[in-house]
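All residue numbers for the first sequence refer to the numbering used here, where the first residue is 1 and numbers rise by one.
Here is the structure we will look at, set down as structure tokens.
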Amino acid sequence: MTDTVPLPAGAQTQPAGGAELPSQYVPASVEAPLYERWLQRGYFTADAGSGKPPFTIVIPPPNVTGSLHIGHAFEHTLMDALTRRARMQGFETLWLPGMDHASIAVHALVERALAAEGTNRRELGRDAFVERVWQWKEQHGGAILGQMRRLGDSVDWSRERFTMDEGLCRAVQTMFKRLYEDGLIYRAERLVNWSPALRSVLSDAEVDHREVEGELISMTYGSVDGSGPSIVVATTRVETMLGDTAVAVHPADPRYRDLIGSLVELPLTGRLIPIIADEHVDPEFGTGAVKVTPAHDPNDFEIGRRHGLAMISIMDEEGRIEATGTEFDGMDRFAARVAVRERLREQGRIVAERRPYLHTVGHSERSGEPIEPRLSLQWFVKVEPLAKAAGDAVRDGRVRISPPEMAPRYFAWTDNLHDWCISRQLWWGHRIPVWYGPDGEVRCLGPDEQPPTGPGWRQDPDVLDTWFSAGLWPFSTLGWPERTADLAKFYPTSVLVTGYDILFFWVVRMMMFGLYAMADDSSEADPSGAVPFRTIALHGMVRDQFGKKMSKSKGNSVDPLAWMDAYGTDALRFTFARGANPGADVPISEDNIGGARNFCNKLWNATRFALLNGASTEGELPQRLTGADAWIISRLNRVIAEVDGYYADFEFAKIADLLYHFAWDEVCDWYLELAKVSLAPGSTESTAAVTRRVLGEVLDGLLRLLHPLTPYVTESLWTALTGGESLVIAAWPQAEESRLDKAAEDDILLLQARVVQLRQFLSGQGVKPAQRIPARFTGLGGYEQQIRRLLRLTEPAEGFTATAQLELSDGAAVELDLSTAVDVAAEWARLDRDRAAAAKELEQTGRKLANDAFLAKAKPEVIDSVRARNEAAAADLRRIDEALSRLPQS
RNA sequence: GGGCGCUUAGCUCAGCGGGAGAGCACUCGGUUUACACCCGAGCGGUCGUUGGUUCGAUCCCAACAGCGCCCACCA
Numbered sequence: 001m002t003d004t005v006p007l008p009a010g011a012q013t014q015p016a017g018g019a020e021l022p023s024q025y026v027p028a029s030v031e032a033p034l035y036e037r038w039l040q041r042g043y044f045t046a047d048a049g050s051g052k053p054p055f056t057i058v059i060p061p062p063n064v065t066g067s068l069h070i071g072h073a074f075e076h077t078l079m080d081a082l083t084r085r086a087r088m089q090g091f092e093t094l095w096l097p098g099m100d101h102a103s104i105a106v107h108a109l110v111e112r113a114l115a116a117e118g119t120n121r122r123e124l125g126r127d128a129f130v131e132r133v134w135q136w137k138e139q140h141g142g143a144i145l146g147q148m149r150r151l152g153d154s155v156d157w158s159r160e161r162f163t164m165d166e167g168l169c170r171a172v173q174t175m176f177k178r179l180y181e182d183g184l185i186y187r188a189e190r191l192v193n194w195s196p197a198l199r200s201v202l203s204d205a206e207v208d209h210r211e212v213e214g215e216l217i218s219m220t221y222g223s224v225d226g227s228g229p230s231i232v233v234a235t236t237r238v239e240t241m242l243g244d245t246a247v248a249v250h251p252a253d254p255r256y257r258d259l260i261g262s263l264v265e266l267p268l269t270g271r272l273i274p275i276i277a278d279e280h281v282d283p284e285f286g287t288g289a290v291k292v293t294p295a296h297d298p299n300d301f302e303i304g305r306r307h308g309l310a311m312i313s314i315m316d317e318e319g320r321i322e323a324t325g326t327e328f329d330g331m332d333r334f335a336a337r338v339a340v341r342e343r344l345r346e347q348g349r350i351v352a353e354r355r356p357y358l359h360t361v362g363h364s365e366r367s368g369e370p371i372e373p374r375l376s377l378q379w380f381v382k383v384e385p386l387a388k389a390a391g392d393a394v395r396d397g398r399v400r401i402s403p404p405e406m407a408p409r410y411f412a413w414t415d416n417l418h419d420w421c422i423s424r425q426l427w428w429g430h431r432i433p434v435w436y437g438p439d440g441e442v443r444c445l446g447p448d449e450q451p452p453t454g455p456g457w458r459q460d461p462d463v464l465d466t467w468f469s470a471g472l473w474p475f476s477t478l479g480w481p482e483r484t485a486d487l488a489k490f491y492p493t494s495v496l497v498t499g500y501d502i503l504f505f506w507v508v509r510m511m512m513f514g515l516y517a518m519a520d521d522s523s524e525a526d527p528s529g530a531v532p533f534r535t536i537a538l539h540g541m542v543r544d545q546f547g548k549k550m551s552k553s554k555g556n557s558v559d560p561l562a563w564m565d566a567y568g569t570d571a572l573r574f575t576f577a578r579g580a581n582p583g584a585d586v587p588i589s590e591d592n593i594g595g596a597r598n599f600c601n602k603l604w605n606a607t608r609f610a611l612l613n614g615a616s617t618e619g620e621l622p623q624r625l626t627g628a629d630a631w632i633i634s635r636l637n638r639v640i641a642e643v644d645g646y647y648a649d650f651e652f653a654k655i656a657d658l659l660y661h662f663a664w665d666e667v668c669d670w671y672l673e674l675a676k677v678s679l680a681p682g683s684t685e686s687t688a689a690v691t692r693r694v695l696g697e698v699l700d701g702l703l704r705l706l707h708p709l710t711p712y713v714t715e716s717l718w719t720a721l722t723g724g725e726s727l728v729i730a731a732w733p734q735a736e737e738s739r740l741d742k743a744a745e746d747d748i749l750l751l752q753a754r755v756v757q758l759r760q761f762l763s764g765q766g767v768k769p770a771q772r773i774p775a776r777f778t779g780l781g782g783y784e785q786q787i788r789r790l791l792r793l794t795e796p797a798e799g800f801t802a803t804a805q806l807e808l809s810d811g812a813a814v815e816l817d818l819s820t821a822v823d824v825a826a827e828w829a830r831l832d833r834d835r836a837a838a839a840k841e842l843e844q845t846g847r848k849l850a851n852d853a854f855l856a857k858a859k860p861e862v863i864d865s866v867r868a869r870n871e872a873a874a875a876d877l878r879r880i881d882e883a884l885s886r887l888p889q890s
């Protein structure tokens, strides 16, 4: 044992010596130096050549434009906890950091800067624009990386990746070419989601369906004067009528049977269009007749294909009407909607208007405007076989989804995925590796192939959807397509931690690509080795204290950095962990984090107490322990096992809650108080030595268990307590069955029950904590000294008069001299309450025991427990009645 | 329109067939030498409603009401 207290690691400003150890934990003086030390010692750097089993997490790459928001901070806390625990468990641990190039977000940002300079990307030109983006990235990108250090993320910075770096470019090209050659990537003219603001196509996943107030206009096609055939159709997008090529009715609809096959005049254009029959039409809706615009509506596109209709595009890439020879040519789509409607009205063709008409319209997720279905030549991934494989991997258990209730959402996606449009009319991103020759040749190139030269050859101008490269993340970051040592060692990754809100976007794409690309690499020893991750752990979203989604516009969002400043990183992390039930949202508030800060301080002071009292972690823990020492070691070992169980199911909230209560209620409130007796001057040196060793053991174990959640305070305290190098590389505790001691646990439970009884009695009597009451115990069978200390009871002295007697649990009793302070009324009230509770328990359990059906059908252990409760209630009642009879009548 | 989930103390949430729990908030009492970012004692709930299954239901089933999220081409 040492007679001075070692300096907590990182606390350079604090002088050595327990007496000078501050009574409050000051995170700011500890965090940054500790993180620096961890980096210097290379604790986070993984070794692909290690013989240890691997544990891998790849970070969901944040956008290069992003900074750390509360959602990242939360997600990183969970990933870091898993990573740190795995490292302590002896895994070769890799948590790989990186960023996503975020095509659209970067475009928005840089184009805004260009606009401020009075220019735009088209004036600048492609190469200069891309150059400009790289400049921006070097200067301003990646703010989040520094913030991750504050959070304590134990990522391997030597392996940091970016989705546009050289290696990932090779991966993207390789993947594209493989899919292309397998016929899983194709180019086709399809009806796509077009964003006029971005002048680019978007995938289905980038379209938000929002309910808007529009108008539903019913109008007459054909003759208005009865001179020829006519039919009434309804639409919310009147302007699209300029591109109509048919009117469709249900084949069995008697109203229109005679009209099928005839031609009607399309107003404003003079074109004649056919009335056709198609099963898709719902006769119940509207008039039962549908205008068909194959080039601007997904359903109509399908109808058009079935009937071989012409597809007339009437809109350009910025959403302006293209209808040569009409007055609407060049008009914005929304202006045209009004203009067309008014022109039709003049012709007496409007037969009904419903306004407002509530319906859903797809909007561009990024730029916000309504998307326009538009006919366009684009690249697609044929997802069906890939998505099936992705679904099967979960169905057959190669990949586990946690919590399992989330699996249906996953299948809903894999089972219904449409082909994925991967080309974007943008400049920042992975350019499609396809060249077109002068004679219509198409050549797809891998990363090591030279682009064709010669006149007329040009590369496809489009870039790939950001999610294409993100889908390769779990293996591209490890060196794929090269068969690197990293890939061999660390793939498949162990667990993917992500929010349920992006399950569909990203997870399914990684599954599809991982299973496809890595199929050849899965060995016989591990046939499931192609999966990108063994487990998908889904978490919820961080919400405010009322369960509301955080948003800047609502003003309820929280800056995690400000909270780290005010309360410390560990407090923030512990708050997240404490709220993290699998798959459920996480409400947090300043009250929560205040409590977590207090908890860190509690640990600080518990360890300070231990250091001041010579706690030791040296040498073997005695095999035979007694009393409180045996109890707390037993409890520690139970807690270790429980924590391990919870980690298996990502039950962070339960881990945090368990450790909080173990540390605070059991270690601090009881064990430290009981230990004070063994450590007091009156105790023998051998007793004190054992307690000092147990004290060290318990705190050592507790700090190890807490380290994944609260790395800084635990590291700081643990190095001071043990003199060890670092908790980061310390071993994770092992639960030892031989340390479980049911008898010691029962002893302390009894002690606690008795102490609580006495406290309640004294508190009910209005006895002030400072008052020292003389007491005489009988039948205690041990722990008298501890009970006296906890309650500040004195030995009965000369003139002791027992003014009160109290029956304590399990046959013990105490006489107290309360001549100084007795509050009879308060005690009556308290005993009455207790009596009512005991009587209720007696009645409830008695009724069950009197029920033959219960006795006949209930499980024996249930009956036994009810019987025991019944007897205990009866004993309580007797004790209370006895106490009542002794109390003076008021 | 389809799918998933939620409704338990003032707030946020655990529990999910046999004794209603936690944190915070609240009330009362405290200068106990680790900690007032503390200690002790307390108050507070017909577990959304109505039926059913069961010896027994907060927990299982059904219906209803309210809320949330995801998916979706009803013109």
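Beta carbons are placed, not taken as given, at the ideal position from N, Cα and C, and that holds for glycine.
Note that the coordinates shown come from a computational prediction; the quantities given were computed from them, not determined experimentally.
Integer-rounded CB distance, given that residue j should sit under 8 Å from residue i
i	j	result
residue 790	residue 812	Contact doesn't hold; Cβ gap of about 15 Å is too wide.
residue 764	residue 826	5 Å
residue 81	residue 709	6 Å
residue 475	residue 487	6 Å
residue 466	residue 429	7 Å
residue 279	residue 250	7 Å
residue 241	residue 266	7 Å
Residue i, buried or exposed, once every other Cβ within 10 Å from all chains shown has been counted against 16
i	result
residue 58	buried
residue 517	buried
residue 637	buried
residue 749	exposed
residue 338	exposed
residue 865	exposed
residue 480	buried
residue 592	buried
CB of residue i within 9 Å of CB of residue j, strictly
i	j	result
residue 286	residue 227	no
residue 99	residue 161	yes
residue 616	residue 693	yes
residue 321	residue 239	yes
residue 432	residue 450	no
residue 130	residue 64	no
residue 492	residue 528	yes
Residues that DSSP places opposite residue i in a beta bridge
i	result
residue 193	202, 373
residue 698	In the DSSP output, where bridge partners are listed per residue, residue 698 has none listed.
residue 469	None; residue 469 has no bridge partner.
residue 99	162
residue 804	816
residue 458	436
residue 262	Residue 262 is not bridged to any residue.
residue 739	Beta-bridge pairing links residue 739 to no other residue.
residue 431	463
residue 885	Paired residues: none, contrary to the question.
Reference residue i, options the options, closest by Cα
i	options	result
residue 208	270, 360, 425, 283	360
residue 800	776, 398, 555	776
residue 805	773, 833, 797	773
residue 417	423, 402, 381	381
residue 792	691, 673, 860, 706	673
residue 810	860, 878, 859, 788	878
residue 61	671, 472, 43, 629	472
residue 345	374, 220, 303, 328	220
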